[in-house]
Ligand SMILES: Nc1nc2c(ncn2[C@@H]2O[C@H](COP(=O)(O)OP(=O)(O)O)[C@@H](O)[C@H]2O)c(=O)[nH]1
Ligand SMILES: [Mg+2]
């Protein structure tokens, strides 16, 4: 079965302009940029604006939620970024795994900047950094973990926006306690479906039927064993995403009176199974995969 593409969510042009303004404003204040990606969808959770705006500023990519991703794929993605000249590390912010490595990486990336400062006679200046990423990628969780282990919040050094503060992390590193929110690329409908599955898009704004069909099509193509272990589908039931949905509905007892399958219920069962890791640990974005775009009128 070939992978079908279903329209998922509409593209909102205003969001890209908002992200651009936010990065442009903050860029001047920071020495190193920390870009948080979802390890399950490192391409779909990225916003291309970041690359253009960050320019040659030191930049570290974090593959967060690596506890939910396929470990082999995470290694491939780290290699992929390395080949592109970008340091990438995998972390699990929820459990604080990888935070020390993150601080060390940022400090080492900042070393040339510190050396330049020293040449100019500037001593004891802290390196400033901020976290950027799309909603729900784990920005607040990471900031809280990093800030929680920091001795003090540098309350007397406010950021530009009211209420923002710099938090001391590590020896000579400061982190802006408010992250930069980026908007994902909704114009790529396959990426949009993956963002929806992983919880980056509010459950009210996308078409669940399209998303679940893409999930089934993806599993059938890339992870058939996971799919069949969970739902025990026969060859015939796997003819199309529609026959799969119907069979899963019958097997899981998602029926309305008269023995008709309650499709809305089936979709929710599958989404819940996926989100509770009952379908395994999947990285949807492949390093070699071509981006897919649907032209919007
Ligand atoms: N499993 C797992 N969950 C995470 C991780 N980091 C964040 N989360 C969860 O992802 C959700 C969104 O995190 P949050 O920090 O609020 O994201 P933000 O919108 O980027 O600030 C929360 O339920 C977190 O507990 C991680 O590394 N692993
Ligand atoms: Mg947050």
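Residue numbers (this note's numbering): 1050 to 1346.
The beta carbon of each residue, even a glycine, is placed where N, CA and C say it ideally should be.
Exercise for the section: State yes or no: is the C-beta of residue 1228 within less than 8 Å of the C-beta of residue 1261? Expected result: no
Handout entry: Cβ-heavy atom distance, residue 1189 to ligand 2, below 7 Å
Key = yes
Exercise for the section: Compute the minimum distance between the beta carbon of residue 1182 and the heavy atoms of ligand 1, and state whether it is under 7 Å. Expected result: yes
Problem - 8 Å Cβ shell around residue 1213 - same chain, five flanking residues per side excluded - result: 1207, 1225, 1226 and 1227
Exercise for the section: For residue 1219, count neighbouring C-beta atoms within 10 Å of its own C-beta (all shown protein chains included) and say buried if the count is 16 or more, exposed if not. Expected result: buried
Exercise for the section: Classify residue 1145 as helix, strand or coil using the three-state DSSP reduction. Expected result: coil
Problem - Environment of residue 1280 [buried if 16+ CB atoms lie within 10 Å] - result: buried
Exercise for the section: Can you have a look at residue 1100 and say buried or exposed, based on whether 16 or more other CB atoms are within 10 angstroms of its CB? Expected result: exposed
Practice task
Compute the Euclidean distance between the alpha carbons of residue 1282 and residue 1127, then round it to the nearest angstrom.
Solution key: 35 Å
Handout entry: Near ligand 1: residue 1228 beta-carbon under 7 Å from a heavy atom
Key = yes
Problem - Residue range of the unbroken alpha helix (DSSP H) whose run includes residue 1191 - result: 1188-1197
Exercise for the section: List the residues that DSSP assigns as beta-bridge partners of residue 1331. Expected result: Looking at the DSSP assignment, residue 1331 forms no beta bridge with any residue, so it has no partner.
Handout entry: Assumed close pair residue 1244, residue 1093 - CB separation to whole angstroms, cut-off 8 Å
Key = 6 Å
Exercise for the section: Say whether the region 1244-1259 touches the region 1189-1197, bearing in mind that this needs 3 or more beta-carbon pairs closer than 8 Å, one atom from each stretch. Expected result: no
Practice task
Under 7 Å Cβ to Cβ from residue 1162, same chain only, skipping five residues before and after it: list those, please.
Solution key: 1080 and 1176
Practice task
Indicate, with yes or no, if ligand 1 has a heavy atom lying under 7 Å from the CB of residue 1141.
Solution key: yes
Practice task
Specify the secondary structure class of residue 1073 as computed by DSSP and reduced to three states.
Solution key: helix
Handout entry: Nearest neighbour of residue 1178, chosen from 1311, 1075 and 1336 [CA to CA]
Key = 1075
Practice task
Please classify residue 1142: is it buried, with 16 or more other beta-carbons within 10 angstroms of its beta-carbon, or exposed?
Solution key: buried
Practice task
Could you say which of 1332, 1333 and 1297 lies nearest to residue 1317 if we only look at CA atoms?
Solution key: 1297
Practice task
Determine the contact status of residue 1331 and residue 1089, defining contact as a CB-CB distance below 8 Å.
Solution key: yes
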